[in-house]
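One structure below.
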Amino acid sequence: METTLIENLPEVGAVGVIIKAVLILAVISAIAGFGTFIERKVLAFMQRRLGPMHVGPYGLLQIAADGIKLFTKEDIIPQNANKFIFMVAPVITAATAFIALSSVPVFPDFTIPSWIPLLGDTFVPSIASDLNIGILFVLGMMAAGLYGPLLAGMSQANKWGIIGAARTAVQFLSYEVVTGLSILAPIMLVGSLSFVEFNNYQAGGISNWLIWQQPLAFVLFLIAGFAETNRTPFDLLEHEAEVVSGYATEYSGMRWGMFFIGEYANMITVSVIASVVFLGGYDVVGVYGWLFIIAKIAFFFFLMLWVRAAWPHVRPDQLMWLCWKVLMPLAVVNVLITAIVMMV
Amino acid sequence: MSLEQFKNRNVGVQSYKTLDVGTPPKTGMEKFTQVVKRSVKGELFVGLGVVMKRMLEALFKNDMHTVKYPFEKMPISPRYRAIHEMLRLLESGNYRCIGCGLCEKICISNCISMETRYDENQRKEVSEYTINFGRCIFCGYCAEVCPELAIVHGQRYETASEQRAGFSLFEDMLTPIDQLNLQQEFDGFGAVSPNADDNIKQTPLAY
Ligand code: SF4
Ligand code: SF4
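Protein chains in written order, with this note's numbering: chain F, 1 to 344; chain Y, 1 to 207.
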């Protein structure tokens, strides 16, 4: 059913894409804000605390309070910082995170009803730009996003920032390898880099999900995803107990907020990739497919918070050891075995 | 435990039990097997399970540790030496303080000041009595020396005030006459808290 739907897509016009882009920007920013609230609540419950409680019912308006605070804070640029790079670095993080989101499927496609003036009958696609190399593009964009922390740390004339930048290089560069290799095996199976192809390949029930054929790749991808989104077992870049705030030490106000939104957008991207590539995407029949994929994305998002509450984080040398001596060989072996099985 | 045992600091001769934590891995292969063992054993998932259980308990059994402080307060120990209270005699409602001046004398930070006079029955009574809580160190000597159990330490530990004048008149500390039946004796410095039994917990050694 989904397959036919995707093959009979109406013409995607420029207006539809623009609407989609605005939608993604607005909704993902809002979700990122809401994500902070969820994160604080979940962490609080896991530590038997209440979390934010006082602004609005159950602290729901805390996001608004935080937003006002971030927007109205003074924009401080340290004296010895390289001003231009310092100012542009957070934009890189946020922009690449959103560009990556442009080619993953978020929200269902719909047609604007014709009674609405000007925009009536415009078809808004589910993927802003359905590239045939979708996965490659998303991974590339997320990799480009590492310039944000890197430049931020180097430009701010602060030793914690420098350490943060060094850790950025070390962590992101090495985990990029694992992400690529782990996702290579599913790509070989499907024979395409398009998310739509992945979705179609797994159509027809839970037993067709790629996670059953590629459990190892799934685990590897999850681990690397945690490292790339800078989540807890691997949050070396800005671990307060060690490097104050790492690359974000000198940032405040909205510039810091952009790093923040970028990080949350990246979490969503990784969740989307994991759900589409390994957990069958929006395969379950008809209308409920979209609900189902949102549930999957929410689960991965929750998993990140859950892990943050439960696990300690690792040392940089442990991180490197894990990446180069354990995960990468495993990923290569996985790719090899997949190739052999496919040939036989 | 006798004092002798307690003073013996030579580690190893006491009957301590050491936990068997094994030896840390040395070679690369040992490290690798340790990682594999730990990954397969699923200790990480035990951690996940623990926090999940906590969350479910917090959500559905309301097992929270948060005290919403200004709105809720924890019971404090009766030994706690907070802002003083002047008590009344339960039978007549008169002040217990007989104006003997012992508390003023003993106060080591010199913050009690009082004036006394003879009332119409030629009994001594206090006419002015203030404690400067900006200087009080809450040592408790005044309460200990008082022969009439008149001045005691109460439970009000929020000592911040906007003005020094708030620190503090006899009337502020005196039990209001309409709340005489609520007046509580000070259990004294050696007393255990009323919920002491609930606070006793088994030391969690068994991971
Ligand atoms: S508690 Fe100590 S310092 Fe305070 S008024 Fe009594 S005797 Fe003085
Ligand atoms: S020691 Fe007790 S009775 Fe004597 S003046 Fe102080 S409060 Fe009053």
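For each residue, glycine too, the CB sits at the ideal point set by N, CA and C.
Just to confirm, are residue i and residue j a CB contact at a threshold of 8 Å?
{"i": "F/R231", "j": "F/V307", "result": "yes"}
{"i": "F/P90", "j": "F/M343", "result": "no"}
{"i": "F/S417", "j": "F/G134", "result": "Beyond the ends of chain F as shown, which are 1 and 344, falls residue 417 of chain F; an answer cannot be given."}
{"i": "F/M138", "j": "F/I273", "result": "Before going on, a small fix: residue 138 of chain F reads as Val here, not Met. A contact, by the Cβ cut-off of 8 Å."}
{"i": "F/F234", "j": "F/A241", "result": "no"}
{"i": "Y/A150", "j": "Y/L87", "result": "yes"}
{"i": "F/T36", "j": "F/I63", "result": "yes"}
{"i": "F/G371", "j": "F/G56", "result": "Outside the displayed range of chain F (1 to 344) lies residue 371 of chain F, so it cannot be described from this structure."}
{"i": "F/L181", "j": "F/M328", "result": "yes"}
{"i": "F/L210", "j": "F/V277", "result": "yes"}
{"i": "F/K41", "j": "F/G51", "result": "yes"}
{"i": "Y/E125", "j": "Y/R135", "result": "no"}
{"i": "Y/N132", "j": "Y/C111", "result": "yes"}
{"i": "F/R315", "j": "F/L237", "result": "no"}
{"i": "F/P153", "j": "F/G140", "result": "Contrary to the premise, residue 153 of chain F reads as Gly rather than Pro in this sequence. Result no, Cβ atoms of F/G153 and F/G140 do not sit closer than 8 Å."}
{"i": "F/L101", "j": "F/G253", "result": "no"}
{"i": "F/A97", "j": "F/A248", "result": "no"}
{"i": "F/G49", "j": "Y/R54", "result": "Rather than Gly, the amino acid found at residue 49 of chain F in this sequence is Arg. Not closer than 8 Å, so no."}
{"i": "F/E345", "j": "F/L303", "result": "As shown, chain F starts at 1 and ends at 344. That puts residue 345 of chain F outside it, with no answer to give."}
{"i": "Y/T130", "j": "Y/S161", "result": "no"}
{"i": "Y/P25", "j": "Y/A191", "result": "no"}
{"i": "F/L220", "j": "F/L319", "result": "no"}
Starting from the C-beta of residue i, find all residues in its chain whose C-beta is less than 6 Å away, skip the five residues before and the five after it, and write them out in chain order.
{"i": "F/K325", "result": "none"}
{"i": "F/V190", "result": "E197, F198, Y201"}
{"i": "F/L43", "result": "A309"}
{"i": "Y/D63", "result": "E57"}
{"i": "F/F172", "result": "L146"}
{"i": "F/L184", "result": "V335"}
{"i": "F/W311", "result": "P233"}
{"i": "F/G225", "result": "V270"}
Which residue or residues does DSSP assign as beta-bridge partners of residue i?
{"i": "Y/L174", "result": "Y/M86"}
{"i": "Y/S113", "result": "Y/T130"}
{"i": "Y/L169", "result": "Y/T130"}
{"i": "Y/E125", "result": "Y/R117"}
{"i": "Y/V152", "result": "Y/E85"}
{"i": "Y/Y95", "result": "Y/R88"}
Who are the Cβ neighbours of residue i in its own chain at under 7 Å, not counting the five residues just before and after it?
{"i": "F/T72", "result": "none"}
{"i": "Y/V145", "result": "L102, C103, I106"}
{"i": "F/S275", "result": "G281, I293, K296, I297, F300"}
{"i": "F/I337", "result": "none"}
{"i": "F/I85", "result": "L151, S155"}
{"i": "F/S271", "result": "I297, F300, F301"}
{"i": "Y/E85", "result": "V152, G154, M173, T175"}
{"i": "Y/P70", "result": "none"}
{"i": "F/E176", "result": "A143"}
{"i": "Y/G49", "result": "none"}
Just to confirm my understanding: we take residue i, look at its own chain, exclude 5 residues before and 5 after, and list those with CB closer than 8 Å. What are they?
{"i": "Y/A82", "result": "I76, F138, H153, G154, Q155, R156, Y157, T159"}
{"i": "F/P78", "result": "F86, Q156, A157, N158, E250"}
{"i": "F/I187", "result": "I135, L193"}
{"i": "Y/V67", "result": "K73, M74"}
{"i": "F/V244", "result": "W160"}
{"i": "Y/G99", "result": "M114, T116, K124, E125, V126"}
{"i": "F/V104", "result": "I127, G134, V138, F195, T269, V272, I273, V276"}
{"i": "F/I6", "result": "Caution applies to F/I6, whose pLDDT of 45 falls short of 50 and renders its modelled position unreliable; the value that the coordinates give is listed next. The answer, listed in chain order, is V196, N199, N200."}
{"i": "Y/R96", "result": "M86, L87, R88, L89, E148, L149, A150"}
Mind checking whether the beta-carbon of residue i lies closer than 7 Å to any heavy atom of ligand 4?
{"i": "Y/I131", "result": "Questions concerning ligand 4 fall outside what the structure shown contains, since the ligands it does hold are ligand 1 and ligand 2."}
Beta-carbon distances below 5 Å to any heavy atom of ligand 2 define the shell here; list its residues in chain order, please. Y/C97, Y/I98, Y/C100, Y/L102, Y/C103, Y/C146, Y/E148, Y/A150, Y/I151
Taking only beta carbons into account, state which residues of the stretch 301 to 314 of chain F come closer than 8 Å to chain B, listed in chain order. The chain labelled as chain B is not found among the protein chains of the depicted structure, namely F and Y.
Mind checking the stretch 52 to 77 of chain Y against chain F and listing, in chain order, the residues whose C-beta falls within less than 8 Å of any C-beta there? M52, R54, M55, E57, A58, L59, D63, M64, H65, T66, K68
Output, in sequence order along the chain, the residues in the stretch 242 to 263 of chain F whose CB is closer than 9 Å to any CB in chain Y. none
Identify each residue in the stretch 320 to 335 of chain F for which the Cβ-Cβ distance to at least one residue of chain Y is less than 9 Å, and report them in chain order. W321, L322, K325, V326
Contact set between the stretch 19 to 44 of chain Y and chain F, restricted to residues whose Cβ is under 7 Å from the partner: V35, L44
Mind checking the stretch 47 to 62 of chain F against chain Y and listing, in chain order, the residues whose C-beta falls within less than 8 Å of any C-beta there? So the list reads Q47, R48, R49, L50, M53, given in the order they occur along the chain.
Given a limit of 7 Å on CB to CB distance, which residues of the stretch 215 to 231 of chain F reach chain Y? none
Chain Y contacts from the stretch 79 to 98 of chain F (Cβ-Cβ distance under 7 Å): none
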